[in-house]
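Protein sequence lines correspond, in order, to chains L and E.
If you count by the working numbering, then the first sequence holds residues -1 to 393, one letter each, in order.
If you count by the working numbering, then the second sequence holds residues 20 to 347, one letter each, in order.
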Amino acid sequence: MGEIREVRQSDAPRASVTVSAGGARPTLLPRKRRRRDRHSRKKVAFFHYAYYDVAFQFFVEHVLDADYVRLPRPTRRTLEIGSEHSTDYVCAPFKHILGGYVEALEAGANVLVQFTGFCRLTYYGELQEMILRDMGYDDFEMLNFSMVADHPFKDYVSYCKRVVNPSLSVPKGVANMVALLRMVELLDAYNDYYLANAGFEVEPGSFERAREAFFDDMRCATGRSEINQAYRHGMDVLRGLPVNKPAHPVRVGLTGEFYTAIDPISNLELEKKLLSMHVELHRAVNLTNRILHYSEENTRRSIADYVSYEMGPTSSLTIASAKRYMEEGFDGVVHSKSSGCTPEIDCMPVLQRLSRDFHVPTLFLSFDSQTSDTGLDTRLEAFYDMISMRKGRTL
Amino acid sequence: MTAGTPSRKRAFLGVDTGSISTKGVVIDEGGKILARSYLWTEGAPTNAARRVVDELASQLDRDRYEVVSVGTTGSARRLVGAMLGAQVIKNEITAHAVGTTFLHPDVRTILEIGGQDSKIILVENGVAVDYAMNTLCAAGTGSFLSSQAHRLGVEVEQFGDIAATSKHPANIAARCTVFAESDLVHKLQVGYEKNDVIAGLCRAVATNYLNNVGKGKKIQAPVVFQGGVSKNSGVVRAFEDELGMEVLVDPDGHLMGAFGAALLAADTPAAERRTFSWDVDDFEFRTREVVCGRCANHCEVVCVYKDDELIDSWGNRCERGAVRPKAR
Chain L
-1 MGEIREVRQS DAPRASVTVS AGGARPTLLP RKRRRRDRHS RKKVAFFHYA
49 YYDVAFQFFV EHVLDADYVR LPRPTRRTLE IGSEHSTDYV CAPFKHILGG
99 YVEALEAGAN VLVQFTGFCR LTYYGELQEM ILRDMGYDDF EMLNFSMVAD
149 HPFKDYVSYC KRVVNPSLSV PKGVANMVAL LRMVELLDAY NDYYLANAGF
199 EVEPGSFERA REAFFDDMRC ATGRSEINQA YRHGMDVLRG LPVNKPAHPV
249 RVGLTGEFYT AIDPISNLEL EKKLLSMHVE LHRAVNLTNR ILHYSEENTR
299 RSIADYVSYE MGPTSSLTIA SAKRYMEEGF DGVVHSKSSG CTPEIDCMPV
349 LQRLSRDFHV PTLFLSFDSQ TSDTGLDTRL EAFYDMISMR KGRTL
Chain E
20 MTAGTPSRKR AFLGVDTGSI STKGVVIDEG GKILARSYLW TEGAPTNAAR
70 RVVDELASQL DRDRYEVVSV GTTGSARRLV GAMLGAQVIK NEITAHAVGT
120 TFLHPDVRTI LEIGGQDSKI ILVENGVAVD YAMNTLCAAG TGSFLSSQAH
170 RLGVEVEQFG DIAATSKHPA NIAARCTVFA ESDLVHKLQV GYEKNDVIAG
220 LCRAVATNYL NNVGKGKKIQ APVVFQGGVS KNSGVVRAFE DELGMEVLVD
270 PDGHLMGAFG AALLAADTPA AERRTFSWDV DDFEFRTREV VCGRCANHCE
320 VVCVYKDDEL IDSWGNRCER GAVRPKAR
């Protein structure tokens, strides 16, 4: 005894892990790259992400100077493809994005864009590229910003040039990048007004139609002044729509994970469902508040009684926004996440404590590829009944 | 049918169609229960609702009372609501909260374990302020208990009495239905007494509920326990031991959803009220599932027919899949 015997199930080669010095080895096998045709432009596609599709199009057409492949509206098939080729336990956004990529490649895209993030998202681009190549889609390049994350600006430029367009003009691209940031701000500002008022429209569907028209206008914008003009016109139209808003409407604040809380396809049209119950909605979690105007230190300062450390990509913002909603006297807070999202699970005990301290009910929703509409409807209806009855009693 | 004579008093019908059982009550304007019915759904909600309505009709003195509005709740609320022409179709959480706070105005916590779901509702000053529902797993719900009763060869109704005879309840892992079942089999195979296993099962239902549904919720007295499982005195005792406080079980606790639906129906404005004609037996109700082929989403649209006339449909995500009844 005392001897450690190795038990092997089969003679198949075994995986091994070694640590070697130097830079990271590429996970993908080296491939022969197709020779570039000087006269063809790259066709670039993003994944589906709420209304930011409009901004992605501007980025491709005016910053990268390439063709944009606009994805069709995701359907159940998109998610089925995504789920089929993902591990079961990966978060739902991975599946949505992967399904979207397959549809993009079917639509003729040859460059796919993936962002870098503060959670597992950082690895998703590489993993998704491997999965797509295994599926047999080989004629595409990945513009995966994780590859140049934390690099100096010139690396971003050379990466974009290498993958998409070697002749892209840097001065023009930078000017348009500034315009793009403005566009994202305006899209979010427009959406904030939409969420606060669409629940009280007099003519059903009028807000939705106005919003679609606004997005179409934005898509046509080619520069900063046209972006501003589209926004001014869109807001004029939106403000002119008749609404029937009570003096004290039921107000709900939305918060949660960065993909699921924002993307209507992922959260089964949560916002639309709440708006149809005549609720004023606010959602502080958006690109403007998390990326463009964000200070982790100051955000965490505002929740210092509850949080000492940064816990993940949007944890501080999730908690800070929920706290602000509660301080402002909202009737309820809805927290949505993809199931298994660890950073957001960590937020839940804090939100429960906030909920107890401020006496504002919080509804926790978890979405995965199996989540059904019926269960969500029941929970939302019950939540609405609860907060509106409570409001009726206290007013 | 007969027009409402002014001498008849107004009454309200509430039907709660759950996964396992279908409940119905008729109440008068003061909230007193005039007729009650409790039947197994047996997988056929329309049929069960029809039988419930028949049973209520036989109990109710229809010369004295006239049902002027109908409320439905439970997982088949929409279907049964379309069938009965309900004025109010409410989710079961609201119905339970409304029903319970009417009977127990001072209640702070409502524990509810039904056939396939379980929920907790926290109440402050007679208004629900927080709730939670089990999400995916059916562990510790009524259907789990009845399937285990079947395995043990006893009626689920006897669980409470059998559990009371146990001195040393077995420790059963009830985190997951599958694990609980294998643990239960294991305990029986190694020679535990049946009554100890049953008592352990009741205990496991209570702890599992408090650890999952009740997680992070502050449970304060008075506590009311309802839903089908509240009829099981073994689980009630287990809750009392776990919480260290008295747990109230209303004799009509299993009807609370239907009672709440009837109360909500009583709140409908006079303009929407319509005399209920008790004629569901005269019609045939059919449902048909249509898969919308207008995009790749393939929404499953459910159409409800009364004889051959379409009366309602749902399930479509967008306007393109909308199937509307013909305007009458």
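Think of the CB as a built atom: it goes at the ideal place given N, C-alpha and C, for glycine as much as any other residue.
Cβ of E269 of chain L within 8 Å of any chain E Cβ: no
Exposed unless 16 or more other CB atoms sit within 10 angstroms - verdict on N296 of chain L: exposed
Rounded C-alpha distance that separates P359 of chain L from M387 of chain L: 12 Å
Proximity below 8 Å, CB of K41 of chain L to CB of N108 of chain L: yes
From L:L130, L:C117, L:D136, residue whose alpha carbon lies closest to that of E82 of chain L: L:L130
Neighbour-count burial assignment, D303 of chain L, 16 or more Cβ in a 10 Å radius: exposed
Top-ranked residue by Cα proximity to L229 of chain E, from E:L32, E:T92, E:I129: E:I129
Residue interval of the beta strand (DSSP E) (run including H149 of chain L): Here H149 of chain L belongs to no beta strand (DSSP E), and DSSP marks it neither H nor E.
Spatial distance of I132 of chain E from A277 of chain E (CA atoms): 15 Å
Interface flag, V148 of chain E vs chain L, CB-CB below 8 Å: yes
Cut-off 6 Å between Cβ atoms - residues of its own chain near G251 of chain L, not counting five sequence neighbours on either side: H280, Y323, F328, V331
Nearest residue (CA-CA) to Q78 of chain E, options E:V72, E:T65, E:A54: E:A54
Nearest-angstrom Cα separation, counted from D269 of chain E out to K51 of chain E: 14 Å
Cβ-based burial, D215 of chain E [other Cβ within 10 Å; buried from 16]: buried
Integer Cβ distance of R305 of chain L from E278 of chain L, believed to fall under 8 Å: The amino acid occupying residue 305 of chain L in the given sequence is Val; Arg does not appear at that position. Their Cβ separation, rounded to whole angstroms, is 27 Å, which puts V305 of chain L and E278 of chain L out of contact at 8 Å.
Three-way DSSP call (helix, strand, coil) for E278 of chain L in this model: strand
V45 of chain E and L274 of chain E closer than 8 Å at C-beta: no
Cβ-based burial, S296 of chain E [other Cβ within 10 Å; buried from 16]: exposed
CB of I301 of chain L within 8 Å of CB of K321 of chain L, strictly: yes
Residues sharing a beta bridge with R351 of chain L, DSSP: Per DSSP, none; premise fails for R351 of chain L.
Proximity to F31 of chain E [Cα-Cα], best of E:S88, E:P64, E:S137, E:V175: E:S88
Short CB-CB distance (under 8 Å) between I132 of chain E and chain L: no
Per-residue DSSP class, three states only, for S337 of chain L: coil
Contact check, T184 of chain E vs V99 of chain E, beta carbons under 8 Å: no
Element boundaries [alpha helix (DSSP H), containing S313 of chain L]: 313 to 325
Within chain E, the residues that M387 of chain L reaches when beta carbons sit closer than 9 Å: T113, A116, V117, V146, A147
Which listed residue (E:C337, E:D300, E:R256) has its alpha carbon closest to that of H72 of chain E: The question names His, yet the displayed sequence has Val at residue 72 of chain E. Selected option, being the one with the closest Cα: E:D300.
Exposed unless 16 or more other CB atoms sit within 10 angstroms - verdict on Q57 of chain L: Per the sequence presented here, residue 57 of chain L reads as Phe, with Gln not at that position. Buried.
Extent of the continuous alpha helix (DSSP H) to which Y122 of chain L belongs: 119 to 132
Helix, strand or coil at L185 of chain L according to DSSP, with G and I counted as helix: helix
Chain E contact residues for L383 of chain L, given Cβ-Cβ distances below 9 Å: Strictly speaking, residue 383 of chain L in this sequence is Asp, with Leu absent from that position. Near D383 of chain L (Cβ distances below 9 Å), the residues of chain E are K109, N110, I112, T113, A116, V117, A147.
Local conformation of I330 of chain E per DSSP, three classes: strand
Nearest-angstrom Cα separation, counted from P164 of chain L out to R336 of chain E: 43 Å
Rounded separation between G23 of chain E and A284 of chain E - CA only: Because G23 of chain E sits at a pLDDT of 47, beneath the cut-off of 50, its placement in the model cannot be relied upon, and the following sentence gives the value as read from the coordinates. Distance between the alpha carbons of G23 of chain E and A284 of chain E: 18 Å.
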